[in-house]
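The numbering used here applies: residue 85 is where the sequence shown begins, and numbers increase by one. Data first, discussion second: the structure below is written as C-alpha cells.
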Amino acid sequence: MNKILVIEDDINIRENIVELLENEEFIVIAAVNGSMGLELAQETIPDLIICDVMMPKLDGYDVLMQLRQNDITASIPFIFLTAKSTKEELRKGMVLGADDYLTKPFTREELLAAISCRLEKQITINKRYQNNVNELRNTITLSLPHELRTPLNGILGFSKLLMDDLEEFDSTEIREMAASIYNSGERLFSLIQKCLLHAELQVIATDTERIQNLQSQQTVFPTLAFIELINEKAKKLGREADLQMFLQKHDVRISESNLYKIIEELIDNALKFSEPGTPILIITQDIKNTFSLSFTNYGRGMTKEQIAELGAYRQFERQIYEQQGLGLGLIIAKLLTELHGGELKIKSQPKEKTMVEVLLPCV
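Right under this line is the structure:
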C-alpha cells in the first residue's frame with residue numbers, strides 16, 4: 085500500500101482528502117501546516133506528497149524547496165493544491181520541482197487520476213534505476229575479478245617459477261619473465277589508480293571550493309610533454325604512422341596534469357577501439373574563446389544508446405570483443421572536463437568512426 089502525506093491547513097479540505105484516500109486504501113498521514121509537513125516528510129518518507137500552496141509559517145513553495153535539497157526526499161512525487169493557478173505560480177512550482185498542480189475545487193476523479201499518474205511514473209523510474217543498478221552490479225561482478233586476477237596470475241605465476249627453478253633458466257628467459265611480471269604489475273597499478281581517481285573526482289564534484297581552485301588554474305597547449313605522451317602511446321602499439329596531428333597553441337583554464345590525464349585517456353581510447361593502419365586524427369581549434377580538442381578514430385564506433393548509457397564500469401559488447409579495462413577512461417576524461425567548466429561530446433557512427441571532443445574555457 086502506498087503512503088501519502090497530505091499537507092493542508094484548511095481542516096475541511098484536509099479531512100475530506102484524508103477520508104477519500106483512506107477509502108481508496110492508501111496509508112494517509114496528515115499535517116496541519118508546512119513546518120509539520122516538512123518534519124513528517126523527513127521522518128516517514130512517503131510515496132507521494134499532496135501540499136497546499138498558501139499556508140502560515142511555511143508555504144508550499146518553501147516545503148518543496150527544502151524537500152528537493154535533501155537527497156532522501158528529493159525524488160518524492162509532489163502535487164500542489166492551489167486556489168489560484170496563474171502562469172507565474174505554475175512556473176515557480178515547476179522550477180522548484182513540482183510534479184503536478186490541482187486547482188481548488190477539484191473532483192475525486194481529478195485527485196485520484198493525478199495520484200495514479202505520479203505513482204505509476206515513479207514506479208517506472210524506480211524500475212529503470214533498479215535495472216541500471218543490477219546491470220552495473222553484474223558488470224562489476226563479471227569484469228572486476230577478471231581485471232584483477234589476470235595481472236595477478238602473471239605476477240604470481242612467473243615469480244613462483246623464478247623462486248622454484250631459477251637455476252634452470254638462462255638470462256634471456258629470466259629477463260622475459262621479469263618483463264612479464266613488470267607489465268602485469270603496471271596493468272594492476274593502472275587499474276587501481278583509475279578506480280581511486282574516479283572516486284576522488286566524485287568527491288571533488290561535491291566540493292565548491294575545490295572546483296573553484298581547479299577552474300582557476302591554466303596551462304599552455306601543446307607542450308613537448310603532451311606531444312611526447314601521444315607519440316609514446318602510439319609507438320608502444322606500433323602505430324606512430326597512424327597519427328595525424330593538427331595542433332594550435334592555446335592558453336587553457338586547466339592544470340597541465342589534469343589536461344595530461346584527459347589526453348592520456350582519450351588517446352588510449354582511440355588506440356584501443358581502432359585497428360592498426362587506420363588513421364587517428366587529433367585536432368585543436370579555438371571556437372569563440374573555447375579550446376576544442378578532438379580525437380577521431382575509424383574503428384568500432386558506438387550507437388546512440390551506448391553513448392547515452394556511458395558510465396563508470398561499463399563496457400559494451402565485451403562478450404564479442406576481448407578488451408582490457410573497466411570502462412573508466414572515458415568517464416574520467418568526462419568528469420575532469422566538466423569539473424573545469426567544460427564539456428565532453430561524443431559523435432559516432434557504428435563500425436565507421438568515433439569523434440570525442442573536449443571543450444574547455446580559454447584564458
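Just so it is clear, CB atoms sit at the ideal spot from N, CA and C, and this is done for glycine as well. It should be emphasised that the depicted structure is a prediction, and the values quoted were computed from it without experimental measurement.
- Exclusion of the five residues before and after A167 leaves K188 as the residues of its chain whose Cβ lies within less than 6 Å of its Cβ.
- The stretch 431 to 441 and the stretch 378 to 392 touch, with three or more beta-carbon pairs separated by less than 8 Å.
- Look at P445 here: in three-state DSSP terms it is strand.
- Classified as exposed, I95 has fewer than 16 neighbouring CB atoms from the shown chains inside 10 Å of its CB.
- Each residue's CA atom was taken as its position, placing E99 and D183 some 23 Å apart.
- Non-local C-beta neighbours of M139 in its own chain, meaning closer than 7 Å and more than five positions away in sequence, comprise D93, N117 and G118, ordered along the chain.
- For Q206, the CB contacts under 6 Å within the same chain, skipping 5 residues up- and downstream, are P161 in chain order.
- Annotation: the continuous alpha helix (DSSP H) that includes D352 extends over E340 to K356.
- In the DSSP secondary-structure assignment, N381 is bridged to I364 and T438.
- By a beta-carbon distance limit of 8 Å, K278 does not contact L414. Their separation comes to about 11 Å.
- Leaving aside the five residues that flank T368 on each side, the residues in its chain whose CB is nearer than 6 Å to its CB run, in chain order, L331, Q332 and L377.
- Distance from the Cα of A114 is smallest, within the candidate group I101, N353 and V447, for I101.
- Ranked by Cα distance from R271, the first of N210, E284, S300 and T234 is T234.
- Of the residues assessed, D326 falls on the buried side of the cut-off, its CB having 16 or more other CB atoms within 10 angstroms.
- Residues V304, F305, T368, D370, F375 and C446 of the same chain have their beta carbon placed closer than 8 Å to that of H334, with the five preceding and five following residues left out of the count.
- Setting aside the 5 residues that flank it on each side, D131 is surrounded in the same chain by N86, K87, I88, I160, P161, L203 and Q206, each with a C-beta closer than 8 Å to its C-beta; the list follows chain order.
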